[in-house]
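Asks: I am attaching a structure below and will ask some questions about it afterwards.
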Ligand SMILES: [Zn+2]
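Structure follows, in structure tokens:
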């Protein structure tokens, strides 16, 4: 467009110069030939000027038009193309976004739960869910945008474990937890994939008065001390605080042969008898009920460490079976409340 303008200005300037020259000539002619018919001379001069102008004009437009036209068309075509490309690319972006949403892109989830998985600690490919198993989770993700997430159908523990890792919406409704994942190491966080979840297992820390972070840090210290292998997915402290040490998609070292298909919860306790205080107790009820909901577990099937290995853990609830039954009943009631609040 600029080129066209420039050309037109040039043409007009040249024509103006010619017109001035011709007018100057006309004035000169009438002045030096006063005897001749001024009107005739003027007419002739004007005709000549018109002819010259017409010739110049046509020759200029012959030159400029064909030259300017393709440029203009090219320019317009470029604009059209650019606009077309712009539209196309924004459509592509929208399409990509739609695709990302409908395929349950893990990015938002990771953004939502950034601490869930340190970049340097990628586990073996086996823990990465294959694409097909992500599809039910993505439907869940999409529908959860507008309303509370319903339980995925069909239920798949592997999908749930994957979601716990990649999909922030998995954690909706979970009691507040402090994510303090252990540094991957063979003594407390081997990063072995947890393939399924068949039970929760409850423990007591056995160290009266210690905090959740004390116990978490003890697990962390095992990577250097190497004195034994131990860890737990969660530790619940004396104030009811929940510290998460291991992602749910990974095994913890807590329950020997049942590490491979259980989620472990360690509980702090104020006294040597191992009884949980009310903060720890009700936080345990809340977390356990939520985990039962997420993994479709029966609260009555929750295990004590004792039930698996015979170890006196959690001590008070081994020595008081009625208190243990009461705890499971409380979790079952709480689960009923949570599920009652779920959309049908
Ligand atoms: Zn135990």
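In the numbering used here, the protein residues as written are 56 to 399.
Cβ coordinates follow ideal geometry from the N, Cα and C atoms, glycine included.
1) So, for residue 307: in the same chain, excluding its five sequence neighbours on each side, which residues have a beta-carbon less than 6 angstroms away from its beta-carbon?
2) Name the two residues that bound the continuous alpha helix (DSSP H) containing residue 347.
3) Is the stretch 387-394 in contact with the stretch 372-379, if contact means three or more CB pairs nearer than 8 angstroms?
4) With a 10 Å radius around its C-beta and 16 neighbouring C-beta atoms as the bar for buried, classify residue 209 as buried or exposed.
5) Output yes or no for whether 8 angstroms exceeds the beta carbon distance between residue 244 and residue 251.
6) For residue 309, verify whether its CB is less than 7 angstroms away from any heavy atom of ligand 1.
7) Taking just the CA atoms, how far does residue 383 sit from residue 240?
8) Taking the C-alpha atoms as reference points, what is the distance between residue 311 and residue 227?
9) If we ignore side chains and look at the alpha-carbon of each, how far apart do residue 260 and residue 353 end up?
10) Taking only the alpha-carbon atoms, compute the straight-line gap between residue 187 and residue 213 and give it to the nearest angstrom.
11) State the beta-bridge partners of residue 360 as determined by DSSP.
12) Restricting to Cα atoms, I'd like to know which of 324, 277, 267, 317 is closest to residue 234.
13) Would the beta-carbon of residue 271 fall within 8 angstroms of that of residue 231?
14) Please give me, in chain order, every unbroken run of the alpha helix (DSSP H) with length at least 4 that falls completely inside the stretch 367-396.
15) At 4 residues or longer, what runs of the alpha helix (DSSP H) sit wholly inside the stretch 250-324?
16) Count the other CB atoms, across all protein chains shown, that sit within 10 Å of the CB of residue 351; report buried if there are 16 or more and exposed otherwise.
17) Leaving out five residues on either side along the sequence, give the residues of the same chain with a beta carbon under 8 angstroms from the beta carbon of residue 325.
18) Between 276, 348, 296, which has its C-alpha nearest residue 397's C-alpha?
19) Any residue with its Cβ nearer than 5 angstroms to a heavy atom of ligand 1 should be included. What is that list in chain order?
20) May I ask which residues mark the beginning and end of the alpha helix (DSSP H) holding residue 232?
21) Give the DSSP-derived three-state secondary structure of residue 123 in the structure shown.
Replies: Walking through what the data contain:
1) For the purposes of this step, residue 307 is identified with residue 252 of the chain shown, where counting begins at 1. Here the set comprises 286, 287, 288, 301, 319.
2) Translated into positions along the chain shown, residue 347 becomes position 292. That run of the alpha helix (DSSP H) goes 333-350.
3) no
4) Along the chain shown, read from residue 1 onward, the residue named residue 209 stands at position 154. Exposed: under 16 other Cβ atoms inside 10 Å.
5) For this step, residue 244 is matched to residue 189 along the chain shown. For this step, residue 251 is matched to residue 196 along the chain shown. Not closer than 8 angstroms, so no.
6) Within the chain shown, residue 309 is the residue found at index 254, counting from 1. Indeed, a heavy atom of ligand 1 lies less than 7 angstroms from the Cβ.
7) Within the chain shown, residue 240 is the residue found at index 185, counting from 1. Within the chain shown, residue 383 is the residue found at index 328, counting from 1. One C-alpha to the other measures close to 33 angstroms.
8) Locating residue 311 in the chain shown gives position 256, counting from the first residue. Locating residue 227 in the chain shown gives position 172, counting from the first residue. So the alpha carbons of these two residues sit roughly 30 angstroms apart.
9) By 1-based counting over the chain shown, the position of residue 260 is 205. By 1-based counting over the chain shown, the position of residue 353 is 298. Computed Cα separation, rounded: 24 angstroms.
10) The sequence position of residue 187 within the chain shown is 132, counting from 1. The sequence position of residue 213 within the chain shown is 158, counting from 1. Note that residue 187 scores a pLDDT of 39, beneath 50, so its modelled location is shaky; the value from the coordinates is reported in the next line. Each residue's alpha carbon lies about 11 angstroms from the other.
11) Position 305 of the chain shown, counted from the start, is the residue given in the question as residue 360. DSSP output for residue 360 lists no bridge partner at all.
12) In the chain shown, the residue the question calls residue 234 occupies position 179. Checking every option, the nearest Cα to that of residue 234 belongs to 267.
13) Taking the chain shown and counting its residues from 1, one reaches residue 271 at position 216. Taking the chain shown and counting its residues from 1, one reaches residue 231 at position 176. Going by C-beta atoms, residue 271 is not nearer than 8 angstroms to residue 231.
14) 370-374, 376-396
15) 267-280
16) Residue numbering aside, residue 351 sits at position 296 when the chain shown is read from its first letter. Answer is exposed; the Cβ neighbour count stays below 16.
17) Against the chain shown, residue 325 aligns to sequence position 270. If we look at residue 325 and ignore the five residues flanking it on each side, its Cβ neighbours are 263, 264, 293, 332.
18) Numbered from 1 along the chain shown, position 342 holds the residue referred to as residue 397. Of the candidates 276, 348, 296, the one whose C-alpha sits nearest the C-alpha of residue 397 is 348.
19) 258, 360, 368
20) Indexing the chain shown from 1 puts residue 232 at position 177. Neither: residue 232 is in no alpha helix (DSSP H) and is coded neither H nor E.
21) Position 68 of the chain shown, counted from the first residue, corresponds to residue 123. Because residue 123 carries a pLDDT of 39, less than 50, the predicted location of this residue cannot be relied on, and the following value inherits that uncertainty. The answer is helix: DSSP assigns residue 123 an H, G or I state.
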